[in-house]
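Scroll down for the structure; my scribbles are underneath it.
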Amino acid sequence: MEDINLHYRFLNWRRRIREIREVRAVRYKERLKRMLRDGDILRYHGNSDEVGCYVAARPLSRRNRYFEVTIIDTGVRGTIAVGLVPQLYKLDHQPGWLPHSVAFHADDGKLFNGNTVGQQFGSKCCRGDRIGCGISLESDDGQLSVFFTKNGKEVGSVEIPGSPEALYPAVGMHSLGEEVLLDLNAEWGMEEDDGQMIVDSHEEDWSRLHDVKVTGMLLEYVGKGKSIVDVGLAQARRPLNTRFHYYELEITDAGEKCYIALGLARRDYPKNRHPGWSRGSIAYHADDGKLFQGSGVGDAFGPRCFEGDIMGCGIMFPRDFNPDTGDDVDDWDLDVLPKPCEVQNALYANNEDEDEDEGEDLEGRKVTVFFTRNGKVVGRREVPLPVGGFYPTIGMMSAGEKVKVDLHPLSG
49 MEDINLHYRF LNWRRRIREI REVRAVRYKE RLKRMLRDGD ILRYHGNSDE
99 VGCYVAARPL SRRNRYFEVT IIDTGVRGTI AVGLVPQLYK LDHQPGWLPH
149 SVAFHADDGK LFNGNTVGQQ FGSKCCRGDR IGCGISLESD DGQLSVFFTK
199 NGKEVGSVEI PGSPEALYPA VGMHSLGEEV LLDLNAEWGM EEDDGQMIVD
249 SHEEDWSRLH DVKVTGMLLE YVGKGKSIVD VGLAQARRPL NTRFHYYELE
299 ITDAGEKCYI ALGLARRDYP KNRHPGWSRG SIAYHADDGK LFQGSGVGDA
349 FGPRCFEGDI MGCGIMFPRD FNPDTGDDVD DWDLDVLPKP CEVQNALYAN
399 NEDEDEDEGE DLEGRKVTVF FTRNGKVVGR REVPLPVGGF YPTIGMMSAG
449 EKVKVDLHPL SG
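Using my numbering, you'd call the opening residue of the sequence shown number 49 and step up by one each time.
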């Protein structure tokens with residue numbers, strides 16, 4: 049009966065994830081008119097008589113509250129606008145012209161706040177200037193403070209009604225030749241007296257970072273990427289639990305080899321080992337679609353993943369699971385995790401003694417770990433839960449790899 053209940057719960061989870069993805073497919077879709085996008089480059093594609101406008105796929109949020117635009121070319125008139133608009137904003141109007149939108153215009157340095165008449169706000173912007181727009185977290189109820197920056201310095205702010213989730217990054221253009229570089233993952237912090245900028249890096253979400261740089265929700269591999277000991281590892285500060293039991297990453301840059309792994313691991317997992325290679329871990333590897341579970345030998349599991357793909361990992365806890373029982377030894381099966389198979393892929397053969405001095409890890413109850421790709425469940429495995437829990441763990445191993453991580457994608 050318990051297996052049947054688990055099966056139905058798993059089916060419900062699959063339906064829940066699919067529903068969320070369907071909603072996001074509609075909700076999170078970028079919109080643009082008389083504009084061309086080539087990677088992070090936006091270009092005006094009109095005849096200078098009509099406005100071109102771009103609206104990002106996702107709104108600003110408490111975790112991702114700032115973006116920047118760098119002017120590559122001012123074109124004929126430099127009529128470039130940077131700001132925030134509602135999701136269904138009319139794309140034949142510059143940001144800031146219509147109600148519930150606000151924008152800083154580069155050609156005259158004016159602020160447009162829901163009106164075609166702007167107010168003098170800052171200086172004009174030229175080629176090479178960097179314009180930023182963000183929201184302040186210290187806003188009063190019912191009002192949101194939107195601020196603008198130029199070349200890393202705050203220009204000013206304005207109070208507007210609304211919530212962050214209703215405001216989408218937007219860029220407007222209105223003359224031939226205009227071109228900008230868009231950075232939706234930019235970070236902003238106030239400057240201290242010594243001129244150094246404090247960046248809200250979200251490093252507090254991660255207990256361990258090895259050869260991985262954190263910028264907001266973005267993780268970037270900064271290791272050598274020359275051999276299998278050059279693994280970059282990021283392990284979350286908190287394990288998955290019955291409240292937050294699923295997380296995702298989006299491959300924003302596959303790098304040279306797309307040696308990206310998403311999975312779960314015990315606390316203090318070896319820093320130079322991909323998730324899944326060592327005891328007390330399980331992971332789905334993007335480069336070959338294999339599942340690794342405590343061994344350097346992977347099993348065929350799902351499709352390969354590429355740039356733009358979203359990989360997810362979660363736990364189906366037993367219905368009677370009690371996280372507080374970890375301190376009650378009688379409730380746990382104290383079996384030792386099996387050692388990896390002795391017949392290993394040559395890629396991993398040099399790590400035979402990777403954690404001999406770490407002692408034996410104790411297993412707890414079994415849980416069902418599942419993985420997803422672009423909102424569809426790839427597969428699942430029943431595995432023992434390490435004492436202390438399973439921590440979201442991400443590995444990367446080749447130059448240029450970047451992923452955007454959402455540790456709580458189902459919480460809102």
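Each residue gets a CB set at the ideal place from its N, CA and C atoms; glycine is no exception. Here the structure is a predicted model, which means the values were calculated and not measured.
C-alpha distance - residue i paired with residue j, whole-angstrom precision
i: His322; j: Gly200; result: 37 Å
i: Gln135; j: Ile89; result: 21 Å
i: Glu240; j: Ser255; result: With a pLDDT of 39 at Glu240, under the threshold of 50, the modelled position of that residue is not reliable, and the figure given next carries that caveat. Cα to Cα, Glu240 sits roughly 26 Å from Ser255.
i: His148; j: Val133; result: 7 Å
i: Glu352; j: Asp86; result: Note that residue 352 is Arg in the sequence shown, not Glu. Going by the C-alpha atoms only, they are around 24 Å apart.
i: Thr290; j: Asp316; result: 21 Å
i: Thr80; j: Leu139; result: Note on residue identity: the sequence assigns Leu, not Thr, to residue 80. Each residue's alpha carbon lies about 7 Å from the other.
i: Gly349; j: Lys338; result: Before going on, a small fix: residue 349 reads as Phe here, not Gly. Spanning the two alpha carbons is a distance of roughly 5 Å.
i: Asn320; j: Leu310; result: 15 Å
i: Gly447; j: Val262; result: A small fix is needed here, since residue 447 is Ala in this sequence, not Gly. Distance between the alpha carbons of Ala447 and Val262 is about 15 Å.
i: Tyr294; j: Ile363; result: 7 Å
i: Met154; j: Trp145; result: It should be pointed out that residue 154 corresponds to Ala in this sequence rather than to Met. Cα to Cα, the separation comes out at about 14 Å.
i: Val451; j: Thr420; result: 16 Å
i: Asp368; j: Lys414; result: 12 Å
i: Glu268; j: Gly210; result: 33 Å
i: Gly204; j: Tyr332; result: 46 Å
i: Leu192; j: Leu257; result: 34 Å
i: Thr164; j: Arg106; result: 25 Å
i: Asn161; j: His141; result: 13 Å
i: Phe292; j: Gln167; result: 45 Å
i: Pro143; j: Ala151; result: 6 Å
i: Lys274; j: Cys173; result: 43 Å
i: Ile330; j: Arg63; result: 24 Å
i: Val426; j: Asn370; result: 27 Å
i: Lys198; j: Glu98; result: 26 Å
i: Arg314; j: Leu433; result: 9 Å
i: Tyr122; j: Gly344; result: A small correction: the amino acid at residue 122 is Thr; Tyr does not occupy that position in the sequence shown. If you take the alpha carbons of Thr122 and Gly344, they lie about 53 Å apart.
i: Arg82; j: Pro318; result: 50 Å
i: Leu159; j: Pro440; result: 43 Å
Sequence-distant residues of its chain with Cβ nearer than 6 Å to residue i (five each side left out)
i: Glu116; result: Arg178, Gly180, Asp231 and Ala234
i: Pro212; result: Leu108, Ser109 and Ile183
i: Lys424; result: none
i: Phe438; result: Pro287, Leu288 and Leu312
i: Tyr92; result: Gly100, Met221 and Glu226
i: Pro366; result: none
i: Asn60; result: none
i: Gly407; result: Confidence in Gly407 is poor, its pLDDT being 40 and thus under 50, which makes the residue's placement too unreliable to answer from.
i: Ser171; result: Gly157
CB contact flag (residue i, residue j, <9 Å)
i: Leu266; j: Val431; result: no
i: Phe354; j: Ile299; result: yes
i: Asp336; j: Gly346; result: yes
i: Ile308; j: Met444; result: yes
i: Ala334; j: Cys306; result: yes
i: Glu202; j: Ile128; result: no
i: Phe196; j: Phe169; result: yes
i: Val260; j: Ala282; result: yes
i: Val124; j: Ser96; result: yes
i: Glu296; j: Pro457; result: yes
i: Gly176; j: Ile119; result: yes
i: Phe340; j: Gly328; result: no
i: Leu224; j: Gly94; result: yes
i: Glu449; j: Gly280; result: yes
i: Asn112; j: Gly264; result: yes
i: Arg428; j: Val417; result: yes
i: Ser326; j: Gly342; result: yes
i: Asp301; j: Leu455; result: no
i: Trp236; j: Tyr114; result: yes
Own chain partners of residue i with C-beta closer than 7 Å, once the 5 adjacent residues on each side are dropped
i: Val228; result: Leu90, Val117, Thr118, Ile119, Ile120, Ile128 and Val219
i: Leu84; result: Arg91 and His93
8 Å CB neighbourhood of residue i in its chain, flanking five on each side removed
i: Asp278; result: Asp259, Gly271, Lys272, Asn320 and Met445
Cβ of residue i within 9 Å of any chain C Cβ
i: His141; result: As a matter of chain content, chain C is missing from the structure shown, which is built from one protein chain.
(message) Is it the case that the stretch 208-223 contacts the stretch 95-109, given that we only count it when at least three CB pairs across the two stretches are under 8 Å?
(response) Taking 8 Å as the limit for Cβ pairs, the verdict is that the stretch 208-223 does touch the stretch 95-109.
(request) Quick one: which unbroken beta strand (DSSP E) runs of 3-plus residues sit fully inside the stretch 171-241? Chain order, please. (result) 178-183, 191-198, 201-209, 216-221 and 226-231
(message) Give the list of continuous beta strand (DSSP E) stretches no shorter than 3 residues that lie fully inside the stretch 301-368.
(response) 309-313, 329-333, 338-341 and 358-364
(request) Counting only runs of 3+ residues fully inside the stretch 98-167, write out the beta strand (DSSP E) ranges in chain order. (result) 100-103, 114-122, 129-133, 150-153 and 158-161
(request) Report the residue ranges of all beta strand (DSSP E) runs contained in full by the stretch 247-304; include only those spanning at least 3 residues, in chain order. (result) 254-258, 260-263, 266-269, 280-284 and 294-302
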